[in-house]
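Novice: This is the structure, below, for whatever I ask next.
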Amino acid sequence: MRVNVLQHTPNEGPGAIAAWAAMRGHDLFVYHPYTLVQALPEADETDFLIVLGGPMGPNDQLDWIEAERDLIQTLLSERKPIFGACFGAQQIAKTLGAAIVKAPHKEVGWANISLQTNVLPNLPDHILVLHWHEEMFEIPKTATLLFSSQLVANQGFIYRDNVIGLQCHLEPEQQNVNEMVMNDYPYALENNALNQTGQAILAQPVPPENKKIMFDLLDYMVQPESAPI
Numbered sequence: 001m002r003v004n005v006l007q008h009t010p011n012e013g014p015g016a017i018a019a020w021a022a023m024r025g026h027d028l029f030v031y032h033p034y035t036l037v038q039a040l041p042e043a044d045e046t047d048f049l050i051v052l053g054g055p056m057g058p059n060d061q062l063d064w065i066e067a068e069r070d071l072i073q074t075l076l077s078e079r080k081p082i083f084g085a086c087f088g089a090q091q092i093a094k095t096l097g098a099a100i101v102k103a104p105h106k107e108v109g110w111a112n113i114s115l116q117t118n119v120l121p122n123l124p125d126h127i128l129v130l131h132w133h134e135e136m137f138e139i140p141k142t143a144t145l146l147f148s149s150q151l152v153a154n155q156g157f158i159y160r161d162n163v164i165g166l167q168c169h170l171e172p173e174q175q176n177v178n179e180m181v182m183n184d185y186p187y188a189l190e191n192n193a194l195n196q197t198g199q200a201i202l203a204q205p206v207p208p209e210n211k212k213i214m215f216d217l218l219d220y221m222v223q224p225e226s227a228p229i
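Printed below as a string of C-alpha cells:
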C-alpha cells in the first residue's frame with residue numbers, strides 16, 4: 001500500500017506514522033506542498049492519505065491549500081482512508097462542509113483528551129497528548145465526535161469508518177516534540193491556556209501508549225472491519 005504524507009512545516013513530520021508504515025510493510029512518500037514546488041500526489045497513486053499539521057489555516061487563501069482539499073474530496077468519494085492531525089484534520093473537516101473557527105482557548109503543551117464515543121472499541125477513556133493550536137474544526141454533520149479536552153471540545157472526529165481527524169497530536173515521537181519546541185517555542189509563551197513553556201513541554205516524555213493508539217487508529221482505517229483496537 002502506498003501511504004502519501006502531506007507535511008506542512010519541517011517541524012512536524014510523520015513520527016509514529018512512519019514507524020507504522022515501515023512495520024506494516026507499506027511504502028511511505030512525504031510531500032511538502034507549502035514549498036515553491038507545491039508538490040501533491042495524484043489521487044490514483046494514493047492508497048492512504050496522511051495530512052499533517054502546520055502553522056497555516058484552511059481559511060488562508062492559498063492555491064495549494066485549496067488543491068489539497070480537492071485531493072481530499074476525490075479520496076473521500078473513492079472511500080480511501082484519510083488521517084489528519086491539527087491543520088490536516090481542519091482540512092478534512094472543511095472539505096466535509098464544517099467551519100474552521102477560533103478555538104475558545106489556545107492549547108500548547110500536554111493535556112488529556114477524553115473519549116466521547118464507543119464507535120472505536122477498547123480505546124482508553126483518557127489519553128495524554130500534545131496540543132499545538134489556537135483554531136479548531138466544527139464537527140462535520142456526518143461525522144461523530146471522537147475526543148474532547150477540558151478546554152476545547154472538538155478534539156477529534158471519525159467519518160464513516162475510514163477517516164479520522166484529530167485536533168491534537170498522537171503522531172509525534174520524542175524527536176518530533178524536540179523539533180517542535182526548539183523551532184516554535186515562542187508560540188507556547190503567547191496566551192497559552194495550558195500555561196506551559198517550551199521547557200515544561202520537553203520535561204514531559206511522550207507517553208509510550210500514544211504510539212500504540214496511533215497504530216491502532218491507522219490499522220482501523222485500513223481494515224475497518226477486522227483491525228485490532
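Under the UniProt record's numbering, the residue at position 171 of the sequence shown is numbered 171, and the numbers go up by one with no gaps.
Don't be surprised by glycine CBs; every beta carbon is placed ideally from N, CA and C.
Between the C-alpha atoms of LEU6 and TYR31, what's the straight-line distance to the nearest angstrom?
Specialist: Within the sequence shown, the letter at position 6 stands for residue 6. Within the sequence shown, the letter at position 31 stands for residue 31. One C-alpha to the other measures close to 5 Å.
Novice: Label HIS8 either buried or exposed according to how many other C-beta atoms from any shown protein chain fall within 10 Å of its C-beta, with 16 as the threshold for buried.
Specialist: Position 8 of the sequence shown, counted from the first residue, corresponds to residue 8. It counts as buried.
Novice: Is the stretch 155 to 171 close to the stretch 88 to 97, with three or more CB pairs under 8 Å?
Specialist: Because the criterion of three Cβ pairs below 8 Å is met, the stretch 155 to 171 and the stretch 88 to 97 touch.
Novice: Pull the bridge partners of LEU49 from the DSSP assignment, please.
Specialist: Sequence index remark: in the sequence shown, residue 49 carries index 49 (1-based). Beta-bridge pairing links LEU49 to ASN4 and ILE82.
Novice: So, are the CB atoms of LEU96 and ALA143 less than 9 Å apart?
Specialist: Taking the sequence shown and counting its residues from 1, one reaches residue 96 at position 96. Taking the sequence shown and counting its residues from 1, one reaches residue 143 at position 143. Taking 9 Å as the Cβ cut-off, LEU96 and ALA143 qualify as a contacting pair.
Novice: What is the DSSP secondary structure of MET221, reduced to helix, strand or coil?
Specialist: Sequence index remark: in the sequence shown, residue 221 carries index 221 (1-based). Three-state result, MET221: helix.
Novice: If we count the other Cβ atoms within 10 Å of its Cβ and call it buried at 16 or more, is HIS126 buried or exposed?
Specialist: Here residue 126 refers to the residue found at position 126 when the sequence shown is read from its first residue. HIS126 is exposed by the Cβ-count criterion.
Novice: Applying the criterion that 16 or more other CB atoms from any shown protein chain within 10 Å of the CB defines a buried residue, is LEU189 buried or exposed?
Specialist: Position 189 of the sequence shown holds residue 189. So LEU189 counts as exposed.
Novice: Does the separation of the CB atoms of ASP184 and PRO55 fall below 9 Å?
Specialist: Reading the sequence shown from its first residue, position 184 is the one you call residue 184. Reading the sequence shown from its first residue, position 55 is the one you call residue 55. Closer than 9 Å, so yes.
Novice: Relative to the alpha-carbon of SER149, which residue among GLN174, ASP44 and HIS131 has its alpha-carbon at the smallest distance?
Specialist: On the sequence shown, residue 149 is found 149 positions in, with the first residue counted as 1. Nearest option by C-alpha distance: HIS131.
Novice: Taking all protein chains shown into account, decide if THR117 is buried (16 or more other Cβ within 10 angstroms of its Cβ) or exposed.
Specialist: As a first step, residue 117 is located in the sequence shown; it is residue number 117 there, counting from the start. The residue is exposed, with fewer than 16 neighbouring Cβ atoms inside 10 Å.
Novice: Does ASP27 come out as helix, strand or coil in the three-state DSSP assignment?
Specialist: By 1-based counting over the sequence shown, the position of residue 27 is 27. Correct three-state label for ASP27: strand.
Novice: Apart from the five residues just before and just after ASN192, which ones in its own chain have a Cβ nearer than 6 Å to its Cβ?
Specialist: Counting from 1 along the sequence shown, the entry for residue 192 is found at position 192. Here the set comprises LYS106 and VAL108.
Novice: Is it the case that the Cβ atoms of LYS102 and GLU66 are separated by a distance below 9 Å?
Specialist: Locating residue 102 in the sequence shown gives position 102, where the first residue counts as 1. Locating residue 66 in the sequence shown gives position 66, where the first residue counts as 1. Contact: no.
Novice: Would VAL152 be called buried (16 or more neighbouring beta carbons within 10 Å of its own) or exposed?
Specialist: Numbered from its first residue, the sequence shown carries residue 152 at position 152. Buried: at least 16 other Cβ atoms inside 10 Å.
Novice: In the structure shown, what three-state DSSP assignment does VAL152 receive?
Specialist: Against the sequence shown, residue 152 aligns to sequence position 152. Here VAL152 sits in coil by DSSP.
Novice: Going along the chain, which residues of its own chain have a beta-carbon closer than 8 Å to the beta-carbon of THR197, five neighbours each way excluded?
Specialist: Mapped onto the sequence shown, residue 197 falls at position 197. Taken in chain order, the residues that qualify are TYR185, ALA188 and LEU189.
Novice: If you drop the 5 nearest sequence neighbours on each side, which residues of the same chain put their C-beta closer than 6 Å to that of GLY156?
Specialist: Here the question's residue 156 lines up with position 156 in the sequence shown. Cβ within range, chain order: LEU146, PHE147 and LEU166.
Novice: Run the CB neighbour count on PRO205, radius 10 Å, all protein chains shown included, and call it buried at 16 or more, exposed below.
Specialist: For the purposes of this step, residue 205 is taken as the residue at position 205 of the sequence shown. Exposed, because fewer than 16 other Cβ atoms sit within 10 Å of the Cβ of PRO205.
Novice: What would DSSP say about LYS212, mapped onto helix, strand or coil?
Specialist: By 1-based counting over the sequence shown, the position of residue 212 is 212. Correct three-state label for LYS212: helix.
Novice: Helix, strand or coil for GLU12 per DSSP?
Specialist: On the sequence shown, position 12 is the one that residue 12 refers to. GLU12: coil per DSSP, three-state reduction.
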